[in-house]
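A.B. asks: Numbering (the UniProt record's numbering), first residue to last: 1 to 225.
Have a look at this one before I ask anything.
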C-alpha cells in the first residue's frame, strides 16, 4: 500500500483527497502547512508527496527545496498557480509533475499512479552517509569532521549533496551544472573545478590525492565512501 503525503491549506481538499485515496488502498497523511509537511516527510517516509504551493507559513517552492536536500521522493504539485513561469520554477526546484486546480480526479489519480511506479522504496534512501573522514547528514544539511561541524556555502553543499546522493555513480559535468546552477548552465566547467577544490580542502585528508571526491577526467565526478 503506497503512502501519500497530501499538503494543502484547504482542509476540505485534504479531506476529499484522503477519502478518495484511502478508498483506492493508499495510506494517506495530511498536512496544512510547510513545516508540518517537512516533519511528516521525514517521519513517515511517503512514497509520493502531493503539494500545494500556497501554504500559510512558507512557499511551496521552499518545501520542495527542503525535501530535495535529502530525498528523491516524487512530488506532484497541485496548485491554482497556472502561469508558465510558476510551473517552471516548481519543476526546476525539483517537482516531478504539476497539476493545475481545478483538476479532474481521474487525471490526478493517473498521474499519482505514474509517480508511484517511478518511486524508489522509501527505506532505500539513506539520510546519514559516513566515510572514514567525514559524515554527511542529508536531512539536516550538515557535514561533520573530527567531531565538529564543517561550514559549507550553499553552493558547496549543493554540489556535495548531488554527488553523495549518487554515491558510486559518475555524475557528468553537465548534469552537475544543471542540478546546481540550473538548465542555462552546461559549459561552465571552471565552476566545478573551483568548488570541488574547495570541498576537497575542507573534507579530504589529503586534498591533492582525494579518496572520496573523485574526478573522472573529461567526464565528471564521483563520490566514493
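All residues carry an ideal CB built from backbone N, CA and C; glycine is no exception.
Note that the coordinates shown come from a computational prediction; the quantities given were computed from them, not determined experimentally.
Under the assumption that residue 226 contacts residue 64 (Cβ atoms under 8 Å), give the Cβ distance between them as a whole number of angstroms.
C.D. replies: Here the chain comprises residues numbered 1 to 225, so residue 226 is not present and cannot be evaluated.
A.B. asks: If we require 3 or more residues per run, which beta strand (DSSP E) segments fall completely within the UniProt DNA-binding region "OmpR/PhoB-type" (125-225)?
C.D. replies: Runs found: 128-130, 134-137, 142-145, 148-150, 213-216 and 220-223.
A.B. asks: What's the C-alpha gap between residue 216 and residue 189?
C.D. replies: When rounded, the distance between both Cα atoms is 13 Å.
A.B. asks: Do you know whose CA, among 135, 34, 41 and 193, lies nearest residue 3's CA?
C.D. replies: Nearest of 135, 34, 41 and 193 to residue 3, Cα basis: 41.
A.B. asks: So what does DSSP say about residue 94, is it helix, strand or coil?
C.D. replies: In this structure, residue 94 counts as coil in the three-state DSSP scheme.
A.B. asks: How many Å lie between residue 169 and residue 11 at the Cα?
C.D. replies: Their backbone Cα atoms lie some 42 Å apart in a straight line.
A.B. asks: May I ask which residues mark the beginning and end of the beta strand (DSSP E) holding residue 73?
C.D. replies: From DSSP, residue 73 is part of no beta strand (DSSP E); its letter is neither H nor E.
A.B. asks: Give the single residue among 225, 78 and 185 whose Cα lies nearest to the Cα of residue 136.
C.D. replies: Cα-wise, what sits closest to residue 136 is 225.
A.B. asks: With H, G and I counted as helix, E and B as strand and the rest as coil, what does DSSP make of residue 85?
C.D. replies: Three-state DSSP puts residue 85 in a helix.
A.B. asks: Skipping 5 residues on each side, what residues in its chain have a beta carbon closer than 6 Å to that of residue 167?
C.D. replies: So the qualifying residues of the chain are 223.
A.B. asks: Could you check whether the stretch 171-178 touches the stretch 189-206, counting it as contact only if at least three pairs of C-beta atoms, one from each stretch, sit closer than 8 Å?
C.D. replies: Output reads yes: the stretch 189-206 touches the stretch 171-178.
A.B. asks: Three or more C-beta pairs closer than 8 Å, one from the stretch 72-92 and one from the stretch 48-60: is that the case here?
C.D. replies: A contact exists between the stretch 72-92 and the stretch 48-60.
A.B. asks: I believe residue 199 touches residue 159 by the beta-carbon criterion, under 8 Å. Please report the beta-carbon distance rounded to the nearest angstrom.
C.D. replies: 7 Å between Cβ atoms; contact.
A.B. asks: Considering only their Cβ atoms, is the gap separating residue 172 from residue 94 smaller than 7 Å?
C.D. replies: No, the Cβ-Cβ distance between residue 94 and residue 172 is not below 7 Å.
A.B. asks: Return the residue from the list 67, 34, 184 and 70 that minimises the CA-CA distance to residue 57.
C.D. replies: With distances taken between Cα atoms, residue 57 lies closest to 34.
A.B. asks: For the beta strand (DSSP E) containing residue 3, list its first residue and its last residue.
C.D. replies: That run of the beta strand (DSSP E) goes 3-7.
A.B. asks: Is it buried or exposed, residue 110, if we count other Cβ atoms within 10 angstroms and call 16 or more buried?
C.D. replies: Flag for residue 110 reads exposed.
A.B. asks: Under 6 Å Cβ to Cβ from residue 129, same chain only, skipping five residues before and after it: list those, please.
C.D. replies: Counting only Cβ-Cβ distances below 6 Å, and skipping sequence neighbours, we find 136 and 164.
A.B. asks: By DSSP, does residue 45 sit in helix, in strand, or in coil?
C.D. replies: Note: residue 45 maps to coil in three-state DSSP.
A.B. asks: With a CB to CB cut of under 7 Å and the five nearest residues on each side skipped, what residues in its chain are close to residue 249?
C.D. replies: Missing from the structure shown is residue 249; the chain here goes from 1 to 225 and no further.
A.B. asks: Please tell me whether residue 28 and residue 21 are closer than 7 Å, where the distance is taken between their beta carbons.
C.D. replies: Yes, the pair counts as a contact, with Cβ atoms nearer than the cut-off.
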